[in-house]
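Written out below as structure tokens is the structure these notes cover.
Numbering (my numbering), first residue to last: 33 to 222.
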């Protein structure tokens, strides 16, 4: 009996020891079911970024940024302290955009600029807004935000617009402002 009891006690002690070791090794935290990539975990980060955007072999713009964050899965680049130089069909500079930040889409060459967006043409025309989109395929710029456009003594403001990068053919929502040579606003006589 004594030998038999010691064996049972030994087995019980061994089981308790095994249980303690198993419990000590067991993870008590929840296990993730999916992995989410944080928005700031870019695949590549470049400082002093510069890139030409073309469409059918024609140079449309040069994109420059202080810092560029490349995200390969969605094929975008987030840009900080952005400068974009637009070119006309003859290759001449037609306007320069500056903004706090922007997003460039690799697949189609389109871009969106955000924060203190300013576009200046060589002849002094100035466009200001908080968001501006560039469609490379259509060669148009647009915004769904309030904007102002100044050219000499002319001043145009509105709630949104769509235009070519030269701001020669403009469609705007609720335009208002002071007309000068060639610019007539609703309610003004010709």
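Ideal placement from N, C-alpha and C gives every residue a C-beta, glycine not left out.
All values derive from a computational prediction rather than experimental measurement.
Requested in this report: Please classify residue 185: does DSSP put it in a helix, a strand, or coil?
Outcome: coil
Report task. Indicate the three-state DSSP secondary structure (helix, strand or coil) for residue 142 in the structure shown. Result -> coil
Query raised in the report: Per DSSP, which one or two residues make a beta bridge with residue 133?
Result: 112, 146
Report task. Name, in chain order, the residues that DSSP records as bridge partners for residue 195. Result -> 173, 202
Report task. Give me the Cα-Cα distance between residue 70 and residue 101, rounded to the nearest whole angstrom. Result -> Confidence is the limiting factor: at residue 70 the pLDDT is only 46, short of 50, which leaves the residue's position unreliable, though a coordinate-based value still follows. So the two alpha carbons sit approximately 13 Å from each other.
Query - Candidates 136, 167, 124, 90, of which the one nearest residue 99 by Cα - result: 136
Requested in this report: Just mark residue 169 as buried or exposed, buried being the case when its beta carbon has 16 or more other beta carbons within 10 Å.
Outcome: exposed
Report task. Return no unless some Cβ of chain D is closer than 8 Å to the Cβ of residue 162. Result -> Among the chains in the structure shown there is no chain D, since it carries only a single protein chain.
Requested in this report: Would you mind sorting residue 188 into buried or exposed? The rule is 16 or more other CB atoms within 10 Å of its CB.
Outcome: buried
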